[in-house]
Each structure stands twice: as structure tokens, then as C-alpha cells.
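Going line by line, the protein sequences match chains Y and C. Its first residue numbered 2, the first sequence is counted upward by one per residue in my numbering. Its first residue numbered 2, the second sequence is counted upward by one per residue in my numbering.
Protein chains: 2
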Amino acid sequence: MPLPHLTQARAPLTREVEVMNQHGERETISIPAERDLTVYVDKRELVTLMTLGAHPEWLVLGYLLNQRLIASSDDIESITVDWEVGAASVKTRHGIDHIEERTSKRVVTTGCGQGSVFGNLMDEIDSIQLPANMVLRQSQLYAIVNAIRLKESTYKSAGSVHACALFRGDELQLFVEDVGRHNAVDTIAGWMAMTPTLPTACGSLPPEGADPAWGGPAPDRTAPTGDKIFYTTGRLTSEMVIKSAQMGVPIVVSRSGITQMGHAVAERVGLCTIGRATNKHFLCYTGVQRLQLQPELAGPKLRAVA
Amino acid sequence: MPLPHLTQARAPLTREVEVMNQHGERETISIPAERDLTVYVDKRELVTLMTLGAHPEWLVLGYLLNQRLIASSDDIESITVDWEVGAASVKTRHGIDHIEERTSKRVVTTGCGQGSVFGNLMDEIDSIQLPANMVLRQSQLYAIVNAIRLKESTYKSAGSVHACALFRGDELQLFVEDVGRHNAVDTIAGWMAMTPTLPTACGSLPPEGADPAWGGPAPDRTAPTGDKIFYTTGRLTSEMVIKSAQMGVPIVVSRSGITQMGHAVAERVGLCTIGRATNKHFLCYTGVQRLQLQPELAGPKLRAVA
């Protein structure tokens with residue numbers, strides 16, 4: 002089955018505005034874009050997403066996947082984004098069965114950003130099997146945190162965006178920012194779907210920046226999902242943990258903390274959650290058996306001076 | 002018209018979990034609750050909100066108001082929350098007209114948390130008239146930032162929650178935390194609706210902690226909405242700015258930044274947005290005429306050393 006045809010719609014990610022600071026001085030700063038993108042599936046309006054607009058086609062594909070409205074990219078013939086009218090036109094190969102019924106149940110979730118999940122995602126999580134043997138070394142975790150720190154980003158220039166990234170070991174595969182962190186994770190899901198994998202880890206994914214869907218020779222698509230690590234700047238709420246599990250990613254790293262339901266879902270599916278990951282510090286909340294500790298790398302323990 | 006009857010459902014806001022730190026040591030920490038609350042309106046299921054659970058009745062009332070499904074608290078007879086079953090049962094006085102139709106359009110927004118807005122909120126903003134003469138002094142802004150800093154909170158004990166607060170001048174009226182910041186602002190809207198106001202600023206609202214809806218003598222409800230300042234730890238996305246405008250609050254202060262559409266909406270409705278507000282620092286993005294600058298309070302300007 003050929004991959005879906007995706008446009009490459011582009012729009013500026015930041016805009017300059019004039020502000021007044023505390024000294025009564027005018028300054029010019031950059032702020033991130035926030036655009037409305039209305040998704041039409043076979044000419045029927047589905048939803049409007051508010052997005053930074055960096056990768057709208059992957060976002061829409063990942064949204065449909067993470068909402069379980071499609072099973073794989075095979076269900077999609079094309080996604081055409083036109084920023085002039087703020088529309089993403091999705092053409093399916095065979096329609097989506099019972100779309101009315103499947104989009105009628107709303108859960109307004111905790112997450113930052115795209116907070117509407119259709120259907121009962123929680124009902125599904127017991128059917129998810131994550132690979133049992135995937136392990137992350139503490140040194141790899143530190144390399145992941147450092148790679149994010151060094152990344153040039155909209156956040157550095159304009160703030161107010163969340164970032165997600167996909168790693169294989171400590172190798173960065175994709176870095177995505179959006180005004181909503183759920184958009185960012187959906188964008189990663191869309192990218193993964195356009196980068197099919199085989200069940201053995203005997204090869205490597207295309208380097209970051211290579212877009213297999215957009216022409217050129219087919220890359221070596223041989224890395225299974227199960228060897229991936231998902232990084233997010235956002236909190237590990239129930240929805241973020243569910244989406245990671247849905248994508249088959251068994252280890253999630255966050256700069257932020259975790260909520261009670263995120264914790265409960267992660268324990269239930271055997272997902273390793275690591276939060277408060279900055280510099281050498283972190284807390285492993287669940288799935289500690291997937292973390293290969295190397296406490297000698299953590300540096301000296303800080304103790305309060307009496 | 003009597004105020005709606007609200008239950009006072011309570012549930013623990015944090016839970017202790019055991020974690021592993023970077024030194025390979027086990028620690029016990031608190032994490033915030035995240036609960037699903039399914040809202041039924043006249044026995045018909047409307048939506049499931051994921052919430053910390055501190056003020057579920059105000060949350061549901063504010064949600065219905067901010068979604069424009071009801072016009073005022075007069076439309077509601079009672080809201081009964083039962084955490085045993087995770088349900089909020091809303092009884093209206095006269096039903097909600099065309100509820101099917103009005104909840105069919107979905108906008109999945111940028112905001113942290115409750116990201117689903119029914120209908121075309123953007124279409125409404127041109128009809129909003131904010132009071133023209135409301136001004137905030139820089140000294141009051143600093144007092145607001147300081148009041149938030151001093152607040153005992155779930156954030157301090159467990160992290161991973163957003164806070165909103167309502168001020169009158171620099172006087173704190175209500176402080177709300179939730180795992181989703183849109184829940185926090187909706188909770189404030191619900192509280193405001195239970196604390197009706199008169200069109201002149203000749204009195205004062207009940208002190209924080211007094212719950213007029215829950216019995217006791219009626220407080221002096223004489224403060225107009227227009228003299229309020231809304232504080233949020235979250236970003237000023239389009240939805241946050243729209244919700245503030247809907248509540249008639251003309252000044253919004255954030256610890257975070259602003260997005261392009263938040264900026265555009267604020268300019269359009271003449272709302273004053275102030276971001277990056279920590280300590281003495283801030284940036285006024287829009288509506289600078291509402292900010293009475295006192296640059297002498299800002300302290301010395303920091304300059305790079307050559």
C-alpha cells in the first residue's frame with residue numbers, strides 16, 4: 002500500500018509584536034503563532050485544531066490515529082492542508098465506519114492543548130502490550146535531556162510552546178513543537194505512521210529532516226516502535242500516558258511531573274514514566290525495571306547544611 | 002430567583018507515591034489527583050471533565066456558562082456531584098434549547114486542560130463590551146504577583162497543577178487550582194455566577210472561603226465584574242483570552258507568555274494582557290492604556306557588562 006500523499010503547507014511559526022516592559026520601555030519580541038485548522042474527512046467537518054502550524058499534515062494524521070478513527074496510514078489516500086482557508090482536507094480510501102457514532106462521546110481531558118478524546122480510550126488500554134525487554138540506561142536518559150537542552154527551537158525564540166521528541170536510545174529522531182502539547186504528540190504519531198517499521202531492530206530510521214512521505218528513495222524502515230523513548234516538556238497526565246502506550250512507546254520522559262491518573266494508567270500498562278528530568282535530576286514514577294540505574298553518574302548528593 | 006443548590010463533594014487532592022531518584026534511592030512524594038467527572042444535564046450525558054476535584058460544582062457551572070450552554074446561574078436548579086461514581090448531575094429549570102445542535106461543533110483548543118469549546122466562541126467576541134475605565138497600577142500588579150507567590154497550594158506540595166485567581170484591585174478573592182488550567186478558569190466563572198454582582202462598585206465581595214451558595218446570610222454582592230483582574234499561571238492562548246472576556250474581566254495577568262491568536266483576540270476586545278509576570282518583571286502585550294506605569298518601582302535596569 003503506498004503511503005498517503007501529504008502536502009507540505011508552511012506558515013510562519015512566530016510573529017513580532019511590540020510590548021511594554023516594567024521600566025515603561027517599548028520592546029519588540031517574538032510570540033508563537035496559533036492557527037485554527039479545520040479538519041474535513043471526506044468533505045465532512047470533523048474538528049478544529051488550534052496549532053502552531055509547523056507540521057499540519059502529520060498532526061492531522063496523528064490526530065486521526067490517536068483518536069482511533071483510523072487504524073493505520075493505509076486508511077488515508079491524501080491530506081491536503083491550505084493555510085489560506087485554514088483547512089485540512091482528508092481523503093480516506095474507504096471512508097470511516099460509523100464516524101458519527103464514534104465521535105459523539107467527548108472527554109475533555111487534562112492535557113495542555115488538544116484535549117478532546119473521542120470514545121473510551123481508557124477501555125482500550127488493557128489491550129495494549131508494550132515490549133517487555135526495553136531498557137533505558139541512566140546515561141542515555143542524561144543524553145536525551147541534554148539533546149533537548151541544545152535544540153534550537155521556537156520555545157527559545159518565542160516561548161509559550163510545548164515540545165515533544167522521539168528518541169531511539171539517545172538518538173534524536175524527531176523534535177516537534179506546538180502551542181498544544183497534545184498536538185505535538187499527535188504530530189509524532191503521524192510521523193511514525195509515515196515511517197513504517199519492521200518487527201526487528203536491525204536497522205535504523207531515516208535521519209531527522211528526511212521526509213519519506215515526500216518523495217525520494219524509500220529509507221531503511223527497520224526500527225520497531227518498541228525501542229523508542231518519548232520525551233515531552235508537558236505533564237504526564239492520563240491522556241499523555243495513554244497516547245504513548247497507544248503508539249507502542251514503553252518509556253516516557255518529562256521535564257514536568259505526573260498526575261494520579263497518569264500514574265495509574267502507566268502502572269497498568271507497564272509503561273516507564275520518568276519526570277522532573279532536568280540536568281542530572283529525575284524521578285522514576287513507574288516501570289522502574291525499565292530503567293538501568295547508574296547512580297555513579299548522578300553527581301554528589303546535596304545535603305542541607307546544619 | 003434563588004441560587005442553584007450545589008453539593009459540596011470533597012475528595013483528596015493529592016496522593017503519595019513511591020518513586021526512585023537519580024541516586025537509586027526510593028522517595029515518597031505527593032502527586033495531584035486527576036479524576037474523571039462525567040456531566041449529565043437533565044439525565045443526558047454531556048461531557049467528561051478530567052479534574053483535580055477541588056470545586057467540582059463550581060467547575061461544572063462555569064463550564065456550562067463558558068460554553069454558552071446557559072446564560073446565567075438562574076438556568077440551573079441544582080448540581081449534585083458524587084465522587085463515588087464520578088458523576089455531576091445537573092438539573093436545569095427549563096432545559097437547554099437545541100443542546101444537540103449546540104454541542105455538535107468541536108474546537109479542540111490550545112489551552113492546557115479543558116480544550117473543547119462548543120460552537121463558535123470567536124463569532125461572539127465582537128459583541129463583548131469590556132468596561133473602558135478600569136486601570137491597574139504597577140504597584141497593584143506587583144502585589145498580585147506577590148500574593149500568588151505566598152499562597153499555600155497543591156502546586157507547592159505536589160506540582161503539576163495550574164492555578165488561576167480572581168483579584169479585585171490587589172485583593173485576592175478566589176484562588177483555584179486544577180490539573181487543567183481551563184478547569185481552573187471555569188471554576189472561577191462558576192464561583193462568580195454564584196456571587197452575583199450589581200452594576201456599581203460601592204461594596205465588597207464576600208471574603209475568600211465564604212460560600213454564599215452553601216447557606217448562611219446573603220453577602221454584600223455589590224462589586225461589578227468589570228473591576229476584576231484575572232491571574233493565571235498558564236499561557237494566554239486564544240481560549241484563555243476569550244474566556245476572560247466572556248466573564249467581563251478586562252485585565253489578565255499570566256506567569257507565562259501569549260500566543261498570536263491570544264494577542265489578536267485581546268486587541269480586538271480591548272483586553273489588557275500582561276505576561277511573564279514574576280517578581281518585578283512583566284511585559285504588557287495589549288491594552289497598555291489600562292496599565293498605570295510606575296517604572297520607579299521596577300528597580301534598577303540590568304545591563305550586560307561589557
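Beta carbons are placed, not taken as given, at the ideal position from N, Cα and C, and that holds for glycine. Given the structure is predicted, the values throughout are model-derived calculations rather than measurements.
### Task
Mind checking who Q368/C pairs with in its DSSP beta bridge?
Here chain C covers residues 2 to 307 and nothing more, so residue 368/C does not appear.
- Item | Reduced DSSP secondary structure (H/G/I, E/B, other) of L282/Y | One-based indexing of the first sequence puts residue 282/Y at position 281. The question names Leu, but residue 282/Y is His in the sequence shown. Here H282/Y sits in strand by DSSP.
- Work out the CA separation of I243/C and I80/C for me, nearest whole Å. Walking along the second sequence from the start, residue 80/C turns up at place 79. Walking along the second sequence from the start, residue 243/C turns up at place 242. CA-to-CA, the gap between I80/C and I243/C works out to about 25 angstroms.
Secondary structure of I145/Y, DSSP reduced to three states
Here residue 145/Y refers to the residue found at position 144 when the first sequence is read from its first residue. Correct three-state label for I145/Y: helix.
Checklist entry - Smallest Cα separation from C273/C: which of T93/C, R138/C, W59/C and A72/C? => result Position 272 of the second sequence, counted from the first residue, corresponds to residue 273/C. Measuring from the Cα of C273/C, the nearest candidate turns out to be R138/C.
* Could you confirm whether any beta carbon from chain C is found closer than 8 angstroms to the beta carbon of P251/Y? => The sequence position of residue 251/Y within the first sequence is 250, counting from 1. No, P251/Y does not count as interfacial toward chain C.
| request: Identify each residue in the stretch 50-73 of chain C for which the Cβ-Cβ distance to at least one residue of chain Y is less than 7 angstroms, and report them in chain order. | output: Across the stretch 50-73 of chain C, CB contacts with chain Y closer than 7 angstroms involve L50 and M51, in sequence order along the chain.
Range of the contiguous beta strand (DSSP E) that encloses A89/Y
Here residue 89/Y refers to the residue found at position 88 when the first sequence is read from its first residue. For A89/Y, the enclosing beta strand (DSSP E) covers residues A88 to T93.
Looking only at its own chain, which residues have a Cβ that is under 7 angstroms from the Cβ of N67/Y, when we skip the five neighbours before and after it? Within the first sequence, numbered from 1, the residue matching residue 67/Y stands at position 66. The beta carbon of N67/Y sits closer than 7 angstroms to the beta carbons of D187, A190, K244 and Q247 from its chain, once the five residues preceding and following it are set aside; these are given in chain order.
(message) Considering Cα atoms alone, identify which of I97/C, A89/C, Q290/C and E46/C is closest to A72/C.
(response) Position 71 of the second sequence, counted from the start, is the residue given in the question as residue 72/C. By alpha-carbon distance to A72/C, the top candidate from I97/C, A89/C, Q290/C and E46/C is I97/C.
Notebook entry, point to check: For E58/Y, which of helix, strand or coil comes out of DSSP?
Noted result: Counted from its first residue, the first sequence places residue 58/Y at position 57. Note: E58/Y maps to helix in three-state DSSP.
For D169/C, would you say it is in contact with chain Y, using Cβ-to-Cβ distances shorter than 8 angstroms as the test? Within the second sequence, numbered from 1, the residue matching residue 169/C stands at position 168. Note on identity: in this sequence residue 169/C is Arg, with Asp being the wrong assignment. R169/C has a beta carbon lying at 8 angstroms or more from every beta carbon in chain Y.
Counting beta carbon pairs with one atom in the stretch 30-40 of chain C and one in the stretch 48-67 of chain C, are three or more of them shorter than 8 angstroms? Yes: the two stretches touch, three or more of their Cβ pairs being nearer than 8 angstroms.
message = Tell me which residues share the same chain as P5/Y and place their Cβ nearer than 8 angstroms to its Cβ, disregarding the 5 neighbours each side in the sequence.
response = Along the first sequence, read from residue 1 onward, the residue named residue 5/Y stands at position 4. If we look at P5/Y and ignore the five residues flanking it on each side, its Cβ neighbours are L62, S74, I77, E78, S79, I80, M195 and A214.
**Asked** What residues in the stretch 228-251 of chain Y have a beta carbon less than 9 angstroms from any beta carbon of chain C?
**Response** Closer than 9 angstroms at the C-beta level to chain C, one finds these residues of the stretch 228-251 of chain Y: G235, R236, L237, T238, S239 and E240.
Can you check whether the C-beta of F176/C is within less than 8 angstroms of a C-beta belonging to chain Y?
Along the second sequence, read from residue 1 onward, the residue named residue 176/C stands at position 175. F176/C does not count as touching chain Y.
Worksheet entry | Range of the contiguous alpha helix (DSSP H) that encloses S239/C | By one-based count along the second sequence, residue 239/C stands at place 238. Run containing S239/C: S239 to Q247, per the alpha helix (DSSP H) assignment.
Which one or two residues does DSSP pair with G276/C in a beta bridge?
Counted from its first residue, the second sequence places residue 276/C at position 275. In DSSP, G276/C forms a bridge with L284/C.
Interface flag, H95/C vs chain Y, CB-CB below 8 angstroms: The residue you call residue 95/C lines up with position 94 of the second sequence. No - not a single Cβ of chain Y is within 8 angstroms of the one on H95/C.
*asked:* Quick check on DSSP: helix, strand or coil for K44/C?
replied: Taking the first residue of the second sequence as position 1, residue 44/C is located at position 43. Residue state, collapsed to three classes: coil.
With C-beta atoms as the reference, is A10/C less than 8 angstroms away from D83/C?
-> Numbered from 1 along the second sequence, position 9 holds the residue referred to as residue 10/C. Numbered from 1 along the second sequence, position 82 holds the residue referred to as residue 83/C. Going by C-beta atoms, A10/C is nearer than 8 angstroms to D83/C.
What are the partner residues of L167/Y, as DSSP defines its beta bridges?
On the first sequence, position 166 is the one that residue 167/Y refers to. L167/Y is bridged to L175/Y and F231/Y.
| Neighbour-count burial assignment, Q261/C, 16 or more Cβ in a 10 Å radius | Translated into the one-based positions of the second sequence, residue 261/C becomes position 260. It is buried - the Cβ of Q261/C has at least 16 other Cβ atoms within 10 Å.
With 8 angstroms as the threshold, decide whether the Cβ of K302/Y is near any Cβ in chain C.
What you label residue 302/Y is simply residue 301 of the first sequence in a count that begins at 1. Look at K302/Y: its C-beta is under 8 angstroms from a C-beta on chain C.
> What residues in its chain sit with their C-beta under 7 angstroms from that of M21/C, if we drop five residues either side in the sequence?
Replying inline: In the second sequence, the residue the question calls residue 21/C occupies position 20. Answer for M21/C: R27, listed in chain order.
message = With a threshold of 8 angstroms between beta-carbons, can E35/Y be considered close to chain C, or not?
response = Numbered from 1 along the first sequence, position 34 holds the residue referred to as residue 35/Y. Answer yes: the Cβ-Cβ gap between E35/Y and chain C drops below 8 angstroms somewhere.
Alpha carbon to alpha carbon, what distance is there between G249/Y and L142/C? In the second sequence, counting from the first residue as 1, residue 142/C sits at position 141. In the first sequence, counting from the first residue as 1, residue 249/Y sits at position 248. Taken atom to atom, the span from the alpha-carbon of L142/C to that of G249/Y is near 47 angstroms.
- Could you please tell me which residues of the stretch 280-301 of chain C, in chain order, have their CB closer than 9 angstroms to any CB of chain Y? Listed by position along the chain: K281, H282, F283, L284, C285, Y286, T287, V289, L292, L294, Q295, P296, L298, A299 and G300.
Inter-residue CB distance, V177/C and P33/C (contact presumed, cutoff 8 angstroms): Working through the second sequence from its first residue, we reach residue 177/C at position 176. Working through the second sequence from its first residue, we reach residue 33/C at position 32. Contact between V177/C and P33/C does not hold, since their C-beta atoms are separated by about 13 angstroms, which reaches or exceeds 8 angstroms.
Original post:
When you compare only the Cα positions, how much space is there between A185/Y and C285/Y?
Top reply: Numbered from its first residue, the first sequence carries residue 185/Y at position 184. Numbered from its first residue, the first sequence carries residue 285/Y at position 284. Per the coordinates, the alpha-carbon of A185/Y lies some 23 angstroms from the alpha-carbon of C285/Y.
Quiz item: Hey, quick one: how far does the beta strand (DSSP E) through L19/Y stretch, first residue to last?
Solution: Locating residue 19/Y in the first sequence gives position 18, where the first residue counts as 1. In the sequence on display, residue 19/Y carries Glu and not Leu. In the DSSP assignment, E19/Y falls within the unbroken beta strand (DSSP E) covering T15 to N22.
Taking all protein chains shown into account, decide if M193/C is buried (16 or more other Cβ within 10 angstroms of its Cβ) or exposed. On the second sequence, position 192 is the one that residue 193/C refers to. Buried is the call here.
ask   = Which of helix, strand or coil does DSSP assign to T188/Y?
value = One-based indexing of the first sequence puts residue 188/Y at position 187. In the structure shown, T188/Y sits in a helix (DSSP, three-state: H, G or I).
| Which one of L131/C, I126/C, S31/C and N280/C has the shortest CA to CA distance from K229/C? | Counting from one through the second sequence, the residue named residue 229/C turns up at place 228. When each option's Cα is compared against that of K229/C, the closest is L131/C.
* In chain order, what residues of the same chain lie with their CB nearer than 7 angstroms to the CB of T279/Y, ignoring the 5 residues before and after it? -> Start at 1 with the first residue of the first sequence, and residue 279/Y comes out as number 278. These residues qualify, in order along the chain: V146 and R256.
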